[in-house]
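Going by the working numbering, the first residue of the sequence shown is number 782, and it counts up by one from there.
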Amino acid sequence: MKYRTMGKLGVQTSAFGLGCMRFNGKAFGDTIIDEQKAISLIRQAIDGGVTYLDTAYVYLDKTSEIVVGKALQDGYRDKVTIATKMPLGYVKDRASMEALLEEELKKLQTDHIDFYLMHGLDKNEWEAFKAIGAPAFFDDMKREGKIRFKCFSFHGPYEDFAYILNDYDWDMVQIQYNFMDIDHQAGRKGLQLAGEKGIPVVIMEGLLGGRLSSAPENVQALYDAFPVHRTPVEWAFRWLCNHPEVAVVLSGCNEPEQIEENLRIFDTVEAGVMDDAELKLMEDVRRAYLDRTKIGCTGCKYCMPCPNGVNIPGIFSVWNNVSLYCTDPANDWGLKRIKENGNGADQCVGCKRCEEACPQHLPIIEQLQCAWKDLC
782 MKYRTMGKLG VQTSAFGLGC MRFNGKAFGD TIIDEQKAIS LIRQAIDGGV TYLDTAYVYL
842 DKTSEIVVGK ALQDGYRDKV TIATKMPLGY VKDRASMEAL LEEELKKLQT DHIDFYLMHG
902 LDKNEWEAFK AIGAPAFFDD MKREGKIRFK CFSFHGPYED FAYILNDYDW DMVQIQYNFM
962 DIDHQAGRKG LQLAGEKGIP VVIMEGLLGG RLSSAPENVQ ALYDAFPVHR TPVEWAFRWL
1022 CNHPEVAVVL SGCNEPEQIE ENLRIFDTVE AGVMDDAELK LMEDVRRAYL DRTKIGCTGC
1082 KYCMPCPNGV NIPGIFSVWN NVSLYCTDPA NDWGLKRIKE NGNGADQCVG CKRCEEACPQ
1142 HLPIIEQLQC AWKDLC
């Protein structure tokens, strides 16, 4: 296992951090199917050298922290740092922050949380939480020793990320990043900004929820043609660990074989590990994925709101993702939400207001029908 120093904190950590959200193989909802198996997976990772565990209040129907707490008995707590998250939707005031933290400490069976994150923070939430005393709460809890480091996780645009990062004395930040997301969310600019400030970055969605763990034919052909053969998973993690700003790469595992594979991969990767030929390969891979794009919708939302409620950019986003990553639309939670909310292309009446507003002059009406046919 390769270890890294976490920026200005000086804390040593394993490059591989175990994500504790997918012990049942699902990204959202549903309690853990086999608690003993999950405990075994956690201890297998720790025995293999993992020192960073990531969980959250809401993961696995609020049971993930409980299982992590059980797994860290028998001396395992002393071997790791725990990251968990304040569930922002449950926060009303300072008292609720304190109550939630106490509940999480109890579930994790520990007297302190190493990395305490505001979960999925955005700019508007940050302003609201500042107004009810979140900065003072974090400072007080750190002073009392109930948390060691003040952190946040983030899924919004770079501009909001930069604002939040510069507005408070954060110790660590967690962002979505992978070779397909260099210009998405915080992106490369966000990673570099944090690095310039000495703030360690923990990476989530390094495999885009598993989408990058296998490759479509045109991408696999590039991997196969390269002189050194590695799995898509190894290429993705290798690319991430090549960045010196990255402290930890999270990976959720639900089988012992996945733990073993990650332990092998993270024993061979470190900052600067990729040569020019490998970096060129990954840029070629990225372009090969993008070549599979169905429609050049940028999600600008100039077409919205649709008078009949059609979620035009949402449908096009799902259509593109299904094509890019060869996923099953039946399992796409975004598409499920669109259907449940009655925002499907079947509501389109062809009024063409969207086409009149589209800055790219896309044939939206025609492409909506094509997308809906492919997805349904």
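From the three backbone atoms N, C-alpha and C, an ideal C-beta is built for every residue, glycine too.
Secondary structure at Gly1115: helix, using DSSP grouped into helix, strand and coil. The residues Ser795, Ala796, Phe797, Gly829, Gly830, Val831, Leu1044, Phe1047, Asp1048, in chain order, have a CB closer than 8 angstroms to that of Met782 in the same chain once the five nearest residues on each side in sequence are set aside. Between Leu1143 and Gly1077, the C-beta spacing is below 8 angstroms.
With a cutoff of 8 angstroms on beta-carbon distance, Thr891 and Arg858 are scored as near each other. Put simply, the stretch 1058-1072 touches the stretch 953-972. At least three CB pairs are less than 8 angstroms apart. With 16 or more other Cβ atoms inside 10 Å of its own Cβ, Val849 counts as buried. With fewer than 16 other CB atoms across the displayed protein chains lying within 10 angstroms of its CB, Glu908 is exposed. Taken in chain order, the unbroken stretches of beta strand (DSSP E) that lie wholly in the stretch 882-942 and span 3 residues or more are 894-899, 928-935. The alpha-carbon of Gln854 is positioned some 12 angstroms away from that of Val861.
Straight-line spacing of the CA atoms in Arg803 and His900 works out to 17 angstroms. For Met961, there is no enclosing beta strand (DSSP E), since its DSSP letter is neither H nor E. In the same chain as Trp1020, and ignoring 5 residues on each side of it, the C-beta atoms closer than 6 angstroms to its own belong to Phe960, Met1063, in chain order.
Here Arg992 is buried, its C-beta having at least 16 other C-beta atoms within 10 Å.
When only Cα atoms are considered, Glu977 and Ile1146 end up about 45 angstroms apart. Annotation: the continuous beta strand (DSSP E) that includes Arg785 extends over 784-786. The beta carbon of Lys970 lies closer than 7 angstroms to those of Tyr939 in the same chain, with the five residues before and after it left out. Minimum Cα-Cα distance from Thr1108 among the listed residues Leu902, Ala996, Val1050 corresponds to Ala996. Taking a cut-off of 8 angstroms on C-beta distances, the stretch 999-1012 does not touch the stretch 1024-1041, as fewer than three cross pairs fall below it. The residue among Ala826, Cys1132, Glu986, Thr1074 with its C-alpha nearest the C-alpha of Asn1102 is Thr1074. Between the beta-carbon of Trp951 and that of Ile980 there is about 6 angstroms, and that keeps the pair under the 8 angstroms contact cut.
Beta-bridge partners of Thr865 (DSSP): Tyr897.
DSSP, read as helix, strand or coil, puts Asp835 in strand. Between Met867 and Leu889, the C-beta gap is not smaller than 8 angstroms, which leaves the two residues out of contact. Around the beta-carbon of Leu902, 16 or more other beta-carbon atoms lie within 10 Å, marking it buried.
Per DSSP, reduced to three states, the secondary structure at Ala1058 is helical. In this structure, Ile945 and Val982 do not form a Cβ contact; the two beta carbons are roughly 14 angstroms apart against a cut-off of 8 angstroms. Each residue's CA atom was taken as its position, placing Ser845 and Ile894 some 15 angstroms apart.
A residue is called buried once 16 or more other Cβ atoms fall within 10 Å of its Cβ, and Lys1117, having fewer, is exposed. In the DSSP assignment, Phe797 falls outside any alpha helix (DSSP H) and within the unbroken beta strand (DSSP E) covering 797-800. Counting every other CB atom within 10 Å of its CB across the protein chains shown gives Asp1057 a total below 16, marking it as exposed.
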